[in-house]
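Have a look at the structure below before the remarks.
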Amino acid sequence: AQKVTQAQTEISVVEKEDVTLDCVYETRDTTYYLFWYKQPPSGELVFLIRRNSFDEQNEISGRYSWNFQKSTSSFNFTITASQVVDSAVYFCALIEGAQKLVFGQGTRLTINP
Amino acid sequence: DAGITQSPRHKVTETGTPVTLRCHQTENHRYMYWYRQDPGHGLRLIHYSYGVKDTDKGEVSDGYSVSRSKTEDFLLTLESATSSQTSVYFCAISDGGRSGALAKNIQYFGAGTRLSVL
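In order, the protein sequences belong to chains F and Z.
Going by the working numbering, the letters in the first sequence line up with residues -10 to 102, in that order.
Going by the working numbering, the letters in the second sequence line up with residues 780 to 897, in that order.
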């Protein structure tokens, strides 16, 4: 069965620090998709990125970057020069086969001014 | 923003009463989902639909039923609400990962419904 583990329950850093959110997944399939979602204090879920299992290239989008390593079954998310607006709960998720997302438990990130 | 509307946004009800939550989409997406979010559990899938009148169970389906009579609407019903069903409920939609360059497989979420069962 597929499983996503976000071992960091809460992280607190000072503004402008870099921070990495860890995500480890388990799946038996060779074809799967990995996702990150952001849930700000307002409560909505915002899609950040999708990565398929055949694409191990790292991706950078502004201050956000993602490191996908199949060898360690990890899909980590780094925020560079963090800002207060980055404070949110971040979820890693996995889809295989039947279009059902499995979420990790989430990491609550607090950026202090 | 994906055109997803959940109603109601907040509801307080009593144990034993029936409750129906509605999800409406304007994107004509094939797949629709209902999740619940509880502290310490992230989001867990309740039921999903892969077409009109086609539904399947998710991880936590006991006590819930769903219906989809039109592409745009997906209803979640708690036949007899219990306190353990107090939660935030999210609807999501997806194009379902059609093959080829158009495949996205991304789920977009509604704003959520906060349900309290007293």
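C-beta: ideal position from N, C-alpha, C; glycine also.
>> Any beta carbon of chain F sitting closer than 8 Å to that of Z/G782?
In response: The residue given as residue 782 of chain Z occupies position 3 in the second sequence. For Z/G782, the answer is no, since every Cβ of chain F falls outside 8 Å of its Cβ.
>> Relative to the C-alpha of Z/Q886, which candidate in F/V73, F/I38, F/K(-8) has its C-alpha closest?
In response: On the second sequence, residue 886 of chain Z is found 107 positions in, with the first residue counted as 1. It is F/I38.
> Going along chain Z in order, which residues have a C-beta closer than 8 Å to the C-beta of F/G95?
Replying inline: Locating residue 95 of chain F in the first sequence gives position 106, where the first residue counts as 1. Here the neighbours are G821.
>> Is there a Cβ of chain F sitting closer than 8 Å to that of Z/N884, yes or no?
In response: Sequence index remark: in the second sequence, residue 884 of chain Z carries index 105 (1-based). Yes, because at least one Cβ of chain F sits closer than 8 Å to the Cβ of Z/N884.
> DSSP state of Z/S863, grouped into three classes?
Replying inline: On the second sequence, residue 863 of chain Z is found 84 positions in, with the first residue counted as 1. Three-state DSSP puts Z/S863 in a helix.
> Would you say F/G103 reaches chain Z, if we count a Cβ-Cβ gap shorter than 8 Å as a contact?
Replying inline: As displayed, chain F neither begins before -10 nor continues past 102, which places residue 103 of chain F out of reach and without an answer.
> In whole angstroms, what separates the C-alpha of Z/L881 from that of Z/V839?
Replying inline: Counting from 1 along the second sequence, the entry for residue 881 of chain Z is found at position 102. Counting from 1 along the second sequence, the entry for residue 839 of chain Z is found at position 60. Residue confidence is low: Z/L881 scores 43 on pLDDT, short of 50, so the model does not pin down where it sits. Its coordinate-derived value is still stated next. One C-alpha to the other measures close to 31 Å.
>> Quick check on the burial criterion: 16 or more other C-beta atoms within 10 angstroms. Buried or exposed for F/F64?
In response: In the first sequence, residue 64 of chain F corresponds to position 75, counting from 1. When all chains shown are included, F/F64 counts as buried.
> F/D75 by DSSP, collapsed to three states: which one?
Replying inline: Translated into the one-based positions of the first sequence, residue 75 of chain F becomes position 86. Note: F/D75 maps to helix in three-state DSSP.
>> For the beta strand (DSSP E) containing F/R97, name the first residue and the last one.
In response: Counting from one through the first sequence, the residue named residue 97 of chain F turns up at place 108. F/R97 -> beta strand (DSSP E) spans 96 to 101.
>> Going by DSSP in three states, Z/S840 sits in which element: helix, strand or coil?
In response: If you number the second sequence from 1, residue 840 of chain Z lands on position 61. The answer is coil: DSSP assigns Z/S840 none of H, G, I, E or B.
> Looking only at C-alpha atoms, which of Z/G830, Z/H820, Z/Y829, Z/Q816 sits nearest to Z/G902?
Replying inline: Past the boundaries of the shown model lies residue 902 of chain Z; chain Z is included only from 780 to 897, so the question cannot be answered.
> Rounded to whole angstroms, how far is the Cβ of Z/C869 from the Cβ of Z/F888, which I believe are closer than 8 Å?
Replying inline: Residue 869 of chain Z sits at position 90 when you count from the first residue of the second sequence. Residue 888 of chain Z sits at position 109 when you count from the first residue of the second sequence. Before going further, note that residue 869 of chain Z is Phe rather than Cys in the sequence given. With 8 Å as the limit, Z/F869 and Z/F888 qualify as a contact, their Cβ atoms being about 5 Å apart.
>> Taking only three categories from DSSP, how would you classify Z/K849?
In response: Here the question's residue 849 of chain Z lines up with position 70 in the second sequence. Residue state, collapsed to three classes: strand.
>> For F/R39, would you say it is in contact with chain Z, using Cβ-to-Cβ distances shorter than 8 Å as the test?
In response: Counting from one through the first sequence, the residue named residue 39 of chain F turns up at place 50. F/R39 counts as touching chain Z.
>> Measuring only the C-alpha atoms, how far is F/F80 from F/G95?
In response: Taking the first residue of the first sequence as 1, we reach residue 80 of chain F at position 91. Taking the first residue of the first sequence as 1, we reach residue 95 of chain F at position 106. Going by the C-alpha atoms only, they are around 5 Å apart.
>> Please give me, in chain order, every unbroken run of the beta strand (DSSP E) with length at least 3 that falls completely inside the region 12 to 37 of chain F.
In response: 13 to 15, 21 to 28
> Under a Cβ-count criterion, where at least 16 other Cβ atoms within 10 Å of its own Cβ denotes burial, should Z/I783 be classed as buried or exposed?
Replying inline: Looking up residue 783 of chain Z in the second sequence gives position 4. Burial call: buried.
> What in chain F is Cβ-close to Z/G891, meaning under 9 Å?
Replying inline: Stepping through the second sequence from its first residue, residue 891 of chain Z is reached at position 112. Within 9 Å Cβ-Cβ: G32, E33, L34.
> For F/S54, which of F/E45, F/F66, F/F43, F/S60 has the nearest alpha-carbon?
Replying inline: For the purposes of this step, residue 54 of chain F is taken as residue 65 along the first sequence, with counting starting at 1. Nearest C-alpha to F/S54: F/F66.
>> Taking the straight line between their C-alpha atoms, what separation do you get for F/T19 and F/L10?
In response: What you label residue 19 of chain F is simply residue 30 of the first sequence in a count that begins at 1. What you label residue 10 of chain F is simply residue 21 of the first sequence in a count that begins at 1. Rounded to whole angstroms, F/T19 to F/L10 spans 24 Å at the Cα level.
> Run through DSSP, which three-state label would F/K(-8) get?
Replying inline: If you number the first sequence from 1, residue -8 of chain F lands on position 3. Three-state DSSP puts F/K(-8) in a strand.
>> Going by DSSP, what residue range makes up the beta strand (DSSP E) through F/E48?
In response: Working through the first sequence from its first residue, we reach residue 48 of chain F at position 59. Run containing F/E48: 48 to 50, per the beta strand (DSSP E) assignment.
> So, are the CB atoms of F/V73 and F/E4 less than 8 Å apart?
Replying inline: Walking along the first sequence from the start, residue 73 of chain F turns up at place 84. Walking along the first sequence from the start, residue 4 of chain F turns up at place 15. Yes, the Cβ-Cβ distance between F/V73 and F/E4 is below 8 Å.
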